[in-house]
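Everything below concerns the one structure shown next.
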Amino acid sequence: MSFKKKSLTLALSSALIASFSLSAHAEMVLKRGNGSEPQSLDPQIAEGVPSSHIQRDLFEGLTAEDQEANIIPGMAESWDISEDGKTYTFHLRDAKWTDGAPVTAEDFVYAWQRGVNPATGSNYAFILYPIKNAEAIAEGKMQPEELGAKVIDDKTIEVELEGPTPYFLGMLAHNVAYPVPKQTVEKYGDDWTRPENIVSNGAFKMQEWTPQSNITLVKSDSYWDKDAVKLDKVIFYPTEDQGSELKRYRAGEIDWTYEIPNDQIKWIQSNLADELQSANYLGTYYYGFNTSKPPFDNKDLREALTLALDRDVITEKVTGAGETPAYSIVVPGVNNYDAYKPEWADWPRAEQIKKAKELYAKAGYGPDNPLKIELIYNTSDNHKKIAIAAASMWKQILGVETELVNQEWKVFLSTRKQGNTEAFRAGWIGDYNDPNSFLELFVSNSGLNDVFFKNEEFDSLLKQAASEQDAGKRAETLRQAEEVFTDSYSLAPIYHYVTKHMVKPYVKGYTNNVMDHNRSKYMYIEK
């Protein structure tokens, strides 16, 4: 071989080796669709699924979740529970914040006190109510420092509960129970979650947040379990238009969609069935009624509109992805519970319609005096299609004139909180697998009680269930509470969710689960 040919061969070999080396060390990036722009990333303030997906990557509580959403140790490597089930002692592992400071017991106690402090304005304060004095603090009757959570030392927290709480460990995996760095929060105030300021303790840390474009997280070198994290980067893309998101997915711009457009399901099932991931989901889609003012302070009217909705048509013709008709807020099949089902749910459709018309007339409405209402939903093609179907049913059966109004996510949340509503779209995904996660939403002082339901018997039954140690008696008490709420017709349940994601075949490490909690910590790209 000539010198020139040998040199050329060596050069080509070197180039191939270099190319292989670059490929072997290329960044592993997961691109996730994420629905709406997150309302906030502050653990004690944030609400909504788009925020929680990102927060599960940025933060970690005392407990965490595995790939199947089972509760596992998180920042706490172990814990002890007293015989009466009312005192928990958590032992923290060695962990650090992204600024290098240690994660301590004080970070958790500070976060929880902050969560129940009325000055914080958390709509999820009620999640922490099992902790002693939490509810009284949230109502302004006690000081945050009187919360039943005590720092024993930097690595030990003692928590005293109001009563035995079977779901307490699951509750601690919720974002409102995540720790926050006191020094950073107090230094920057409301701006502490800005990309240049935020300090977190999860598997990933913030790199960039461009509103309405993307939120980019990178692997955290300070995370206690960093060796188990395979991804280098996760990019979340807020895309409210499901049709646009599907186009981005098909173009290879997104690896995992937040949702899929309902009108494309049949095409997807025929052409991309292997990439459609669908599973039962611990959630209920419903229309809420503002019971605090006319016209929906009238129970007969609320019941009439509820019975007029044909859930079979909506789930079969409009959504069509395996959703099941809903007749109450609690999802059937939730752990150790027999959900309540009202009598009318099993009536023939003709009988439901007849009753709806009678109630509508009893409420004072008819052909000469049709009800005129506004139905608000957050921007989404899927929500729009369901709203059109519901409005059509109300018009055809009762003569109701419905104005459909869509609002961007943050505006929509604000409108509901301020009570500037008549009827509105809503959905609730269980924060833990227990009926209480659905029912506590509607206690009189809940920050998320946007239907403004207030009932002393209901509140009393939930308090009674919270202190009941017998599992069977507790379930029966909760079922009584569910019956009281359901029969108030403060909302019209429509269907129980299924998850619907398009996922590229090369995305690995996730498991479909009833919570639809898929931490990027476990995922990786295999191309």
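Heads up: the sequence shown begins at 12 in the working numbering, then just goes up one per residue.
Glycine residues also receive a C-beta, built at the ideal position from the N, C-alpha and C atoms.
Can you tell me whether residue i is buried or exposed, with buried defined as 16 or more other CB within 10 angstroms of its CB?
i, result
"residue 508", "buried"
"residue 441", "buried"
"residue 108", "buried"
"residue 223", "exposed"
"residue 163", "exposed"
"residue 240", "buried"
"residue 97", "buried"
"residue 256", "buried"
"residue 32", "Only weak support exists for where residue 32 lies, its pLDDT of 43 falling under 50; the coordinates are left without a value."
"residue 481", "exposed"
"residue 537", "exposed"
"residue 118", "buried"
"residue 205", "exposed"
"residue 443", "buried"
Just curious, the beta strand (DSSP E) that residue i is in, first and last residue?
i, result
"residue 289", "287–300"
"residue 164", "160–164"
"residue 225", "225–230"
"residue 167", "167–171"
"residue 217", "215–221"
"residue 246", "244–248"
"residue 439", "434–440"
"residue 75", "74–76"
"residue 42", "40–44"
"residue 84", "82–84"
Which partner residues does residue i have in the DSSP bridge list?
i, result
"residue 91", "100"
"residue 7", "Within the shown structure, residues of the chain are numbered from 12 to 538, placing residue 7 beyond reach of any answer."
"residue 413", "384"
"residue 535", "519"
"residue 377", "380"
"residue 514", "267"
"residue 142", "172"
"residue 389", "418"
"residue 107", "113"
"residue 502", "299"
At the 8 Å Cβ level, is residue i part of the contact set with chain C, yes or no?
i, result
"residue 264", "This model lacks chain C altogether, as it is built from one protein chain only."
Along the alpha helix (DSSP H) that carries residue i, what are the first and last residues, could you check?
i, result
"residue 405", "392–409"
"residue 447", "447–450"
"residue 315", "310–319"
"residue 276", "276–282"
"residue 260", "253–261"
"residue 371", "360–373"
"residue 57", "Neither: residue 57 is in no alpha helix (DSSP H) and is coded neither H nor E."
"residue 131", "Where residue 131 is concerned, there is no enclosing alpha helix (DSSP H), given that its DSSP letter is neither H nor E."
"residue 179", "179–182"
"residue 496", "482–497"
"residue 472", "467–477"
"residue 193", "193–199"
Among the options, whose alpha-carbon lies nearest the alpha-carbon of residue i?
i, options, result
"residue 459", "44, 57 and 42", "57"
"residue 152", "127, 139, 299 and 167", "127"
"residue 268", "39, 47, 490 and 478", "47"
"residue 294", "82, 216, 327 and 336", "336"
"residue 246", "309, 328 and 227", "227"
"residue 357", "338, 371, 365 and 343", "338"
"residue 102", "161, 537 and 464", "161"
"residue 345", "252, 261, 445 and 304", "445"
"residue 490", "528, 449, 519 and 503", "449"
"residue 501", "214, 349, 306 and 159", "306"
"residue 61", "431, 457 and 270", "270"
"residue 191", "184, 123 and 144", "123"
"residue 155", "133, 59 and 129", "129"
Do residue i and residue j have their C-beta atoms within less than 8 Å of each other?
i, j, result
"residue 461", "residue 437", "yes"
"residue 179", "residue 99", "yes"
"residue 320", "residue 82", "no"
"residue 248", "residue 393", "no"
"residue 199", "residue 212", "no"
"residue 141", "residue 477", "yes"
"residue 405", "residue 413", "yes"
"residue 315", "residue 409", "yes"
"residue 42", "residue 266", "yes"
"residue 497", "residue 353", "yes"
"residue 326", "residue 503", "no"
"residue 512", "residue 288", "yes"
"residue 203", "residue 340", "no"
"residue 510", "residue 292", "yes"
"residue 139", "residue 188", "yes"
"residue 215", "residue 68", "yes"
"residue 388", "residue 417", "yes"
Would you say residue i touches the ligand FAD, meaning its beta carbon is less than 7 Å from a heavy atom?
i, result
"residue 345", "Among the ligands in the structure shown, none appear at all, so the ligand FAD cannot be discussed."
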